Amino acid sequence: MKNLSISPASASGAQLIDRFGRQLTYLRVSVTDKCDLRCSYCMPKGFNGFEEPENWLTFAEIERVVAAFGRLGVARVRLTGGEPLLRRNLPQLVERLASHEEIRDISLSTNATQLHKHAQALYQAGVSRINVSLDSLDKACMENITGRDSFASIMAGLQAGKQAGFKPIKLNMVVMGGVNEHEIPRMAEFCFNEGFILRLIEAMPMGSTGQNSQYRDIGPIRDQLVRQFDLIPAAEELGGGPARYWTRRDGQGTIGFISPISQHFCASCNRVRLAVDGTLYMCLGQDEQFALRPLLRAGISDTELEQAIREAIELKPERHEFTTQRHKIIRFMSQTGG
Ligand SMILES: C[S@@+](CC[C@H](N)C(=O)[O-])C[C@H]1O[C@@H](n2cnc3c(N)ncnc32)[C@H](O)[C@@H]1O
Ligand code: SF4
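Numbering follows the UniProt record's numbering, with no gaps: position 58 of the sequence shown is 58.
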């Protein structure tokens with residue numbers, strides 16, 4: 001396994017710094033916009049408007065873009081979607097990305113419904129850690145949220161993930177008032193017992209679905225959990241992202257809080273997202289984007305590709321406007337790559 005301490009610059013010393021002085025060190029790569037679930041906050045029931053396969057970046061194209069980002073100082077890559085395990089032969093892509101020295105950390109976000117089939121191969125190919133979406137421990141509630149009887153397959157996927165050796169395994173729970181909010185303490189106990197890290201996420205108003213997600217401010221929820229489980233702020237940083245972590249005083253469990261709405265973290269944003277069609281999205285909550293696919297298919301050189309990425313990063317906006325312009329973003333999270 002590679003040394004996971006992330007250096008601030010690539011071997012060549014190149015860095016990607018945006019107009020607001022933020023260094024980009026993290027790339028999320030969506031390998032498909034399709035999904036076998038329809039989580040209520042992410043995709044509408046019956047949605048079928050997916051990207052045509054001829055517009056999907058090939059593994060070779062994804063590898064080229066990731067390698068270019070690597071040369072520009074990006075060390076962490078997360079594979080996501082849609083549901084990334086729906087993309088055939090994903091371990092082959094992981095192997096290709098892991099072969100690049102600059103890419104020190106490859107992680108995966110998944111709904112885990114197919115993880116029991118692929119966990120071992122993904123781990124061996126180079127995925128070190130995974131995030132799994134799990135909004136409820138109640139089978140009926142999960143069916144209500146995801147639009148499918150998904151609970152048993154997710155549980156099987158989680159066990160397979162543990163056996164394969166992913167560390168850590170983080171469970172992402174989007175908190176929805178009147179839907180799963182009451183389950184948070186139970187979910188915390190479950191994660192403490194299983195050795196998972198629970199992450200509570202505020203719903204973002206993305207696309208028509210995100211507008212109706214019964215948003216809850218997780219600040220008061222955190223205060224309650226701090227009292228209930230005797231949590232203290234975590235000493236070490238866990239992962240490269242915006243979550244703020246708290247651990248139990250006895251060290252027997254950790255909970256992360258992701259508050260894009262109530263306490264946004266745009267000033268320290270270190271990432272951009274590559275969608276399956278080759279569009280680079282600069283921010284979840286803004287429209288700035290840069291189409292790389294036409295350039296890749298026109299045969300640009302590696303130097304030109306790096307220059308295109310630098311131009312794209314110039315477009316990165318200062319912050320999202322979810323609180324002031326709720327209806328602005330019409331893309332679903334699954335399209336951008338969550
Ligand atoms: C879009 S999914 C893609 C990966 C995989 N399908 C999964 O569910 O983990 C990535 C993450 O985005 C989160 N997500 C989707 N829509 C969201 C929204 N409107 N607000 C907050 N989080 C959202 C999901 O809960 C999930 O944890
Ligand atoms: S959150 Fe993940 S699992 Fe749920 S619909 Fe979106 S992409 Fe699919």
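Positions of the beta carbon are idealized from the N, C-alpha and C atoms, including for glycine.
Note that the structure is predicted; figures quoted are calculated from it, not measured.
task: Reducing DSSP to helix, strand and coil, say where residue 1 ends up.
output: Your numbering for residue 1 matches position 1 in the sequence shown. Note that residue 1 scores 41 on pLDDT, short of 50, meaning its location in the model is unreliable; the coordinates nonetheless yield the value given after this. Reduced to three states, the DSSP call for residue 1 is coil.
- request: Decide if residue 193 is buried, meaning its Cβ has at least 16 other Cβ atoms within 10 Å, or exposed.
  value: Within the sequence shown, the letter at position 193 stands for residue 193. Exposed, by the Cβ-count rule.
message: Run through the DSSP bridge pairs and tell me what residue 246 is partnered with.
response: On the sequence shown, position 246 is the one that residue 246 refers to. Residue 246 is bridged to 233, 255.
message: Assuming residue 133 is part of the beta strand (DSSP E), what are its boundary residues?
response: As a working mapping, residue 133 is identified with position 133 in the sequence shown. Run containing residue 133: 129-133, per the beta strand (DSSP E) assignment.
- prompt: What is the chain-ordered set of residues for which the beta carbon lies under 7 Å from any non-hydrogen atom of ligand 2?
  reply: These are the residues, in chain order, with a beta carbon less than 7 Å from any non-hydrogen atom of ligand 2: 35, 37, 38, 39, 42, 43, 81, 82, 83, 111, 133, 146, 333, 334, 338.
task: Pull up the distance between the alpha-carbon of residue 50 and that of residue 266, whole angstroms please.
output: Looking up residue 50 in the sequence shown gives position 50. Looking up residue 266 in the sequence shown gives position 266. Spanning the two alpha carbons is a distance of roughly 29 Å.
- request: Can you give me the start and stop residues for the alpha helix (DSSP H) that residue 41 sits inside?
  value: Your numbering for residue 41 matches position 41 in the sequence shown. Taken as a continuous stretch (DSSP letters only), residue 41 belongs to no alpha helix (DSSP H), as it is neither H nor E.
query: Do residue 119 and ligand 1 come close, with the Cβ less than 6 Å from some heavy atom?
result: The count along the sequence shown starts at 1 and reaches residue 119 at position 119. Residue 119: no, Cβ never under 6 Å from ligand 1.
- prompt: Any idea if residue 58 is buried or exposed, counting beta-carbon neighbours within 10 angstroms, 16 or more meaning buried?
  reply: Numbered from 1 along the sequence shown, position 58 holds the residue referred to as residue 58. Exposed, by the Cβ-count rule.
- request: Flag residue 201 as yes when its Cβ comes closer than 6 Å to any non-hydrogen atom of ligand 1, and as no otherwise.
  value: Walking along the sequence shown from the start, residue 201 turns up at place 201. Yes, the Cβ of residue 201 comes within 6 Å of a heavy atom of ligand 1.
message: Once DSSP output is grouped into helix, strand and coil, what is the label at residue 291?
response: As a first step, residue 291 must be located in the sequence shown, where it is residue number 291. Secondary structure at residue 291: strand, using DSSP grouped into helix, strand and coil.
- prompt: For residue 98 versus residue 126, is the C-beta distance shorter than 7 Å?
  reply: Counting from one through the sequence shown, the residue named residue 98 turns up at place 98. Counting from one through the sequence shown, the residue named residue 126 turns up at place 126. Between residue 98 and residue 126, the CB-CB gap stays under 7 Å.
query: For residue 24, does the three-state DSSP call read helix, strand or coil?
result: Here the question's residue 24 lines up with position 24 in the sequence shown. In this structure, residue 24 counts as coil in the three-state DSSP scheme.
task: Note the first and the last residue of the continuous beta strand (DSSP E) segment covering residue 95.
output: Walking along the sequence shown from the start, residue 95 turns up at place 95. Where residue 95 is concerned, there is no enclosing beta strand (DSSP E), although the alpha helix (DSSP H) it sits in stretches over 90-98.
query: Between the segment 226-235 and the segment 266-280, do three or more beta carbon pairs fall short of 8 Å?
result: Contact fails: fewer than three Cβ-Cβ distances are below 8 Å.
task: Give me the Cα-Cα distance between residue 319 and residue 283, rounded to the nearest whole angstrom.
output: Sequence index remark: in the sequence shown, residue 319 carries index 319 (1-based). Sequence index remark: in the sequence shown, residue 283 carries index 283 (1-based). Residue 319 and residue 283: Cα-Cα distance of roughly 8 Å.
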